[in-house]
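In what follows, a structure is listed as structure tokens, so that the remarks can point back to it.
Number of protein chains: 2
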Amino acid sequence: MDMTFDLNAQANKNRNTDGTTEFLRALYRSDDNAAIRMRVDDSCDRFLNASDASDGNSIFDICAKFKHFDMPREGISLEAYLTSLERDVLPHCSHLASPRYLGHMTAPIPQFLPEIGRLIQTLNQNVVKMETSRGLTFLERQVIGMFHREIYRGSDVFYQRYLQTLSSTLGIFTSGGTLANICAVWTALQRAQMNTPIVESDRSAAKIRPVIIGSELMHYSFDKAAELLGAELYKVPVDNQYQINLGAVAQAISSCESEGRRVICLVAVAGSTDYGSVDPLRKLSELAKRANVHFHVDAAWGGGLVLSESNRYLLEGIEFADTVTIDGHKQLMLPIGCGILFFRDPELSEITMHHAPYAVRPTSFDQGRFTLEGTRPATALYLHAAMHVIGKTGYDVLFSDSMARARYMAQAIESRPEFELIVAPTMNLLAYRYLPEEYRNCTLSAEDNEEISAFNVSLQKLQRQKGDSFVSRTFRPVPQYQGQSLTLLRAVLLNPLSTAADIDFLLNDQVAIATQIDEKEHGHAQQ
Amino acid sequence: MDMTFDLNAQANKNRNTDGTTEFLRALYRSDDNAAIRMRVDDSCDRFLNASDASDGNSIFDICAKFKHFDMPREGISLEAYLTSLERDVLPHCSHLASPRYLGHMTAPIPQFLPEIGRLIQTLNQNVVKMETSRGLTFLERQVIGMFHREIYRGSDVFYQRYLQTLSSTLGIFTSGGTLANICAVWTALQRAQMNTPIVESDRSAAKIRPVIIGSELMHYSFDKAAELLGAELYKVPVDNQYQINLGAVAQAISSCESEGRRVICLVAVAGSTDYGSVDPLRKLSELAKRANVHFHVDAAWGGGLVLSESNRYLLEGIEFADTVTIDGHKQLMLPIGCGILFFRDPELSEITMHHAPYAVRPTSFDQGRFTLEGTRPATALYLHAAMHVIGKTGYDVLFSDSMARARYMAQAIESRPEFELIVAPTMNLLAYRYLPEEYRNCTLSAEDNEEISAFNVSLQKLQRQKGDSFVSRTFRPVPQYQGQSLTLLRAVLLNPLSTAADIDFLLNDQVAIATQIDEKEHGHAQQ
Numbered sequence: 008m009d010m011t012f013d014l015n016a017q018a019n020k021n022r023n024t025d026g027t028t029e030f031l032r033a034l035y036r037s038d039d040n041a042a043i044r045m046r047v048d049d050s051c052d053r054f055l056n057a058s059d060a061s062d063g064n065s066i067f068d069i070c071a072k073f074k075h076f077d078m079p080r081e082g083i084s085l086e087a088y089l090t091s092l093e094r095d096v097l098p099h100c101s102h103l104a105s106p107r108y109l110g111h112m113t114a115p116i117p118q119f120l121p122e123i124g125r126l127i128q129t130l131n132q133n134v135v136k137m138e139t140s141r142g143l144t145f146l147e148r149q150v151i152g153m154f155h156r157e158i159y160r161g162s163d164v165f166y167q168r169y170l171q172t173l174s175s176t177l178g179i180f181t182s183g184g185t186l187a188n189i190c191a192v193w194t195a196l197q198r199a200q201m202n203t204p205i206v207e208s209d210r211s212a213a214k215i216r217p218v219i220i221g222s223e224l225m226h227y228s229f230d231k232a233a234e235l236l237g238a239e240l241y242k243v244p245v246d247n248q249y250q251i252n253l254g255a256v257a258q259a260i261s262s263c264e265s266e267g268r269r270v271i272c273l274v275a276v277a278g279s280t281d282y283g284s285v286d287p288l289r290k291l292s293e294l295a296k297r298a299n300v301h302f303h304v305d306a307a308w309g310g311g312l313v314l315s316e317s318n319r320y321l322l323e324g325i326e327f328a329d330t331v332t333i334d335g336h337k338q339l340m341l342p343i344g345c346g347i348l349f350f351r352d353p354e355l356s357e358i359t360m361h362h363a364p365y366a367v368r369p370t371s372f373d374q375g376r377f378t379l380e381g382t383r384p385a386t387a388l389y390l391h392a393a394m395h396v397i398g399k400t401g402y403d404v405l406f407s408d409s410m411a412r413a414r415y416m417a418q419a420i421e422s423r424p425e426f427e428l429i430v431a432p433t434m435n436l437l438a439y440r441y442l443p444e445e446y447r448n449c450t451l452s453a454e455d456n457e458e459i460s461a462f463n464v465s466l467q468k469l470q471r472q473k474g475d476s477f478v479s480r481t482f483r484p485v486p487q488y489q490g491q492s493l494t495l496l497r498a499v500l501l502n503p504l505s506t507a508a509d510i511d512f513l514l515n516d517q518v519a520i521a522t523q524i525d526e527k528e529h530g531h532a533q534q
Numbered sequence: 008m009d010m011t012f013d014l015n016a017q018a019n020k021n022r023n024t025d026g027t028t029e030f031l032r033a034l035y036r037s038d039d040n041a042a043i044r045m046r047v048d049d050s051c052d053r054f055l056n057a058s059d060a061s062d063g064n065s066i067f068d069i070c071a072k073f074k075h076f077d078m079p080r081e082g083i084s085l086e087a088y089l090t091s092l093e094r095d096v097l098p099h100c101s102h103l104a105s106p107r108y109l110g111h112m113t114a115p116i117p118q119f120l121p122e123i124g125r126l127i128q129t130l131n132q133n134v135v136k137m138e139t140s141r142g143l144t145f146l147e148r149q150v151i152g153m154f155h156r157e158i159y160r161g162s163d164v165f166y167q168r169y170l171q172t173l174s175s176t177l178g179i180f181t182s183g184g185t186l187a188n189i190c191a192v193w194t195a196l197q198r199a200q201m202n203t204p205i206v207e208s209d210r211s212a213a214k215i216r217p218v219i220i221g222s223e224l225m226h227y228s229f230d231k232a233a234e235l236l237g238a239e240l241y242k243v244p245v246d247n248q249y250q251i252n253l254g255a256v257a258q259a260i261s262s263c264e265s266e267g268r269r270v271i272c273l274v275a276v277a278g279s280t281d282y283g284s285v286d287p288l289r290k291l292s293e294l295a296k297r298a299n300v301h302f303h304v305d306a307a308w309g310g311g312l313v314l315s316e317s318n319r320y321l322l323e324g325i326e327f328a329d330t331v332t333i334d335g336h337k338q339l340m341l342p343i344g345c346g347i348l349f350f351r352d353p354e355l356s357e358i359t360m361h362h363a364p365y366a367v368r369p370t371s372f373d374q375g376r377f378t379l380e381g382t383r384p385a386t387a388l389y390l391h392a393a394m395h396v397i398g399k400t401g402y403d404v405l406f407s408d409s410m411a412r413a414r415y416m417a418q419a420i421e422s423r424p425e426f427e428l429i430v431a432p433t434m435n436l437l438a439y440r441y442l443p444e445e446y447r448n449c450t451l452s453a454e455d456n457e458e459i460s461a462f463n464v465s466l467q468k469l470q471r472q473k474g475d476s477f478v479s480r481t482f483r484p485v486p487q488y489q490g491q492s493l494t495l496l497r498a499v500l501l502n503p504l505s506t507a508a509d510i511d512f513l514l515n516d517q518v519a520i521a522t523q524i525d526e527k528e529h530g531h532a533q534q
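Order-wise, the sequence lines are chains G and P. Numbers in this note's numbering are just positions in the first sequence, counted from 1, shifted up by 7. Numbers in this note's numbering are just positions in the second sequence, counted from 1, shifted up by 7.
Below, the structure is given as structure tokens:
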């Protein structure tokens, strides 16, 4: 029998004895792989060791390089492609791995993880179902269970029963915290409907749409969740510590009740993205229990700390959450794409179950029965690797070090007259601002604060453009200024390779840039 | 100034002159990286070259190996970890890359892509916003635009205007087709509400919930979308070609209208997951236009074919879709995790826009304004690499080859009395079943068909357990048997390395397994 297919002549003419073409060999059996690997190594090294100075291009300059819109007709060699990548793309990446870039919620990835990634992609297992993942389905359930235990401290009997049971799961992997939060609210809504069916016309009737209560620092993924699910957010103010105001929560619940509005979910933030503040979890759980409301903890940022003996006290009460969101790609230092939603009671996972005739069968181990997403990569292997190679002791060191860096930076800010510390670190985030000279050591009016905010926007933009160091900025109401919304500089002290010298460099860099701005604005050199 | 932080003594004692500890060096500056790389190479090679025979373990045997639920206290060396991975995990993966595994919708990944993946993870750019991705935001928009042009064939002026505009996008990357479909329906719902506001109480009042119309072969992600959004699916039957019945669609629209139910979205399937069938896109678009309804094409499976000059005629009319879903990780052979939703009119992308104070600013290039997900990896780089290295000509060869393989398998099935071809390939999928000897060449009753279905379930399960070859199975109504639901074997002819010999091997393997079943059931050897 003829082993070849009716291919077009061009592809067929170089067919090898094993039936492959040169083209297929180039894709699947290339001998040049070692050379390719070295090229990629070089690109990685160049990125990791890059001087922090940006490429000197404005974003419009960079944009101009990506305006071609015709897909190439003929393929080019991988060598040629890598050359164009090195020339046209890689120099324009953000220097996220720089120890002087302290504004992002991702850390440089430990170097073994991209190697695990190469393995994940080569295996290309699809954990939506057993047939396409086999052992990795059980491995995924195992790491979810291990982490679940660090959060909830369940008994041996509990995990023996639920870790690998057919009918439910202790958690689901998602592409990130946003989807985990959406799934949590979805679960809460369905749960509320099961307990006391919401009359169909209730769900979106203006006054009686289901309500999600949380602080004004709730992540914007809850806005998305509310919009998708036809629910409504009830945002409650925070106190001076940027923690949710408990009295306001109680009031929100009773005001909803008296208006006939159904509260389906109480959200606590465990590590706000702006300040790292943690809501009072235990007390919120009590309020939720009393009101018979689903209690969700968004610990996308802070949740990793449960692995750290020295720091998990910051998350006291997380074990009372019905559901918990964690992002592996934040404090756990995994590559982007590793969100997890945990269910305290695995029966909660059954509330949003679904299946399909050609896939994810109801009586299988198919993990896709429980996930909003369908086809999914085996990102669990990153967490598995990190749990085993770093271990709890390792994470404890990393987190303690990170906290120490934040304290160091807070002290450095407080010791310099040029800066004002706005939010001291509870975790490894802090917020501060630059004070132009005329605003130091005096009482500030609302107008003054607006001037200072404008100055800090300019400062952060110039710093970003200069590219030697980086913090991000936010715009939030600040209690110590009567709730006036201010532009704040926001530092994230996550990168394990950042030293005190890097932090000093960043602050000095800001002072130098600020001086330049002052000179321009005032048309003369400052004293 | 002291360069070190107040670390615990154990971590501090081995601090190096550059301020790092041995522990940090092991994570970030290891000299053993070359050795690690070779270990991972070996694991990859072992997987790719594995004999197709499975490990001989039942899934319960495998499950038993993943029952430990305590996270390790102390980390182990990467060497030790890789050893345990090789021993306990990798042998239990699904042999998805085998050329005799013809049941999955993923192909083996061209070998350069895991190298690109290593680069993506090392860069770890977050395309949610400019600050964390810079050039890769523009690159993402560029590949979206290139693909958009292959679908919609817009003018130069159109792409000059919209490719890199600030206010909208031509598409969004998602973690997969499920999320792309959810976002499409979300857009449709919001669009309908903008055109004629749905009275709040309408949205979920039983009779007047928004309706999504599509065929019974619609992917189960639409069930999820409907549940999330408080909408309702109206499933219309397919004809003998497994294409949506146009008369039934028109009837569905008018029956909804007369009942006061609001149709928000008409869904066409372009490559059904079971059969590869494509709905009549142009005619559906006309129906949608007449009814003023959003027209979405779910081309998760089939959409890649727009890149193939020889095969894109199969998708005729896709250019009339308001939105199109494509999965890069299916026909385009990228690693899992690359869904895309395209907007014909970029203004559609503005309908679900959102932003946050500390991120994704409204007046920025931040691509996160348009996505349901938040933090996202730069998976666009996989598509960028594949577009440039494979090119349109390369994809044309891959698709034509794949179609030829499907035709070959269909002929091989039809030439063997042991099999019945149920659905001939329109694309590179087909459905068939095994016929035990007593059911050949005779008229089959409903009872006979049930027996045959039960037999095919056993056959597929045994084949999967034996592990030398694989097809998946589904359970669907079959027109030529009066709509009776039958168990069907489902082959996906995507793997470019599968040869005619592999297909013959698979069919022979099935005949051998079937004979074994017969022998067991009848207690004697068959003739």
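C-beta: ideal position from N, C-alpha, C; glycine also.
Hey, quick one: how far does the alpha helix (DSSP H) through residue i stretch, first residue to last?
i, result
"valine 164 of chain P", "163-169"
"leucine 190 of chain P", "As written in the sequence, residue 190 of chain P is cysteine, which differs from the leucine given in the question. Element bounds for cysteine 190 of chain P: 184-202."
"cysteine 537 of chain P", "Lying outside 8 to 534, the shown extent of chain P, residue 537 of chain P is not represented and no answer is given."
Distance cutoff 9 Å, beta carbons only. Does residue i sit that close to anything in chain G?
i, result
"aspartate 230 of chain P", "yes"
"leucine 501 of chain P", "no"
"arginine 210 of chain P", "Summary for arginine 210 of chain P: the model assigns pLDDT 47, below 50, so the residue's position carries little reliability, and this model does not support an answer."
"lysine 72 of chain P", "yes"
"tryptophan 308 of chain P", "no"
"alanine 18 of chain P", "Because alanine 18 of chain P sits at a pLDDT of 46, beneath the cut-off of 50, its placement in the model cannot be relied upon, and the point is left open."
State buried or exposed for residue i, treating a residue as buried only when at least 16 other CB atoms are found within 10 Å of its CB.
i, result
"phenylalanine 350 of chain G", "buried"
"lysine 296 of chain G", "exposed"
"valine 300 of chain P", "buried"
"serine 452 of chain P", "exposed"
"methionine 201 of chain G", "exposed"
"threonine 194 of chain G", "buried"
"leucine 514 of chain P", "buried"
"arginine 447 of chain P", "exposed"
"glutamate 138 of chain G", "buried"
Are the C-beta of residue i and some C-beta of chain P separated by less than 9 Å?
i, result
"glutamate 421 of chain G", "no"
"aspartate 163 of chain G", "yes"
"serine 356 of chain G", "no"
"glycine 267 of chain G", "no"
Along the chain, where does the beta strand (DSSP E) that runs through residue i open and close?
i, result
"glutamate 239 of chain G", "239-243"
"glutamine 491 of chain G", "491-499"
Q.
Count Cβ pairs between the stretch 475-485 of chain P and the stretch 100-118 of chain P that sit closer than 8 Å; are there 3 or more?
A. yes
- Task: Could you tell me whether the stretch 317-334 of chain G touches the stretch 270-289 of chain G, using the rule of 3 or more Cβ pairs below 8 Å?
- Result: yes
Margin query: Whether or not the stretch 125-137 of chain G and the stretch 371-389 of chain G are in contact is what I'm after, with contact meaning three or more pairs of Cβ atoms, one per stretch, closer than 8 Å; do they touch?
Written below: yes
Does the stretch 503-515 of chain G come within contact of the stretch 392-412 of chain G, defined as at least 3 CB pairs closer than 8 Å? yes
- Jot down the residue ranges of each uninterrupted alpha helix (DSSP H) in the stretch 79-122 of chain P, minimum 4 residues, whole runs only, in chain order. 85-95
Review point. Using 8 Å as the Cβ pair cut-off and three pairs as the minimum, do the stretch 173-187 of chain G and the stretch 328-348 of chain G touch?
Key: yes
Touch test, the stretch 164-171 of chain P against the stretch 135-155 of chain P, Cβ-Cβ under 8 Å, three pairs minimum: yes
- Query: Quick one: complete alpha helix (DSSP H) runs, 4+ long, within the stretch 348-408 of chain P?
  - Reply: 387-396
| said: For the stretch 388-397 of chain G against the stretch 106-124 of chain G, do three or more pairs of beta-carbon atoms, one drawn from each stretch, fall closer than 8 Å, so that the two count as touching? | reply: yes
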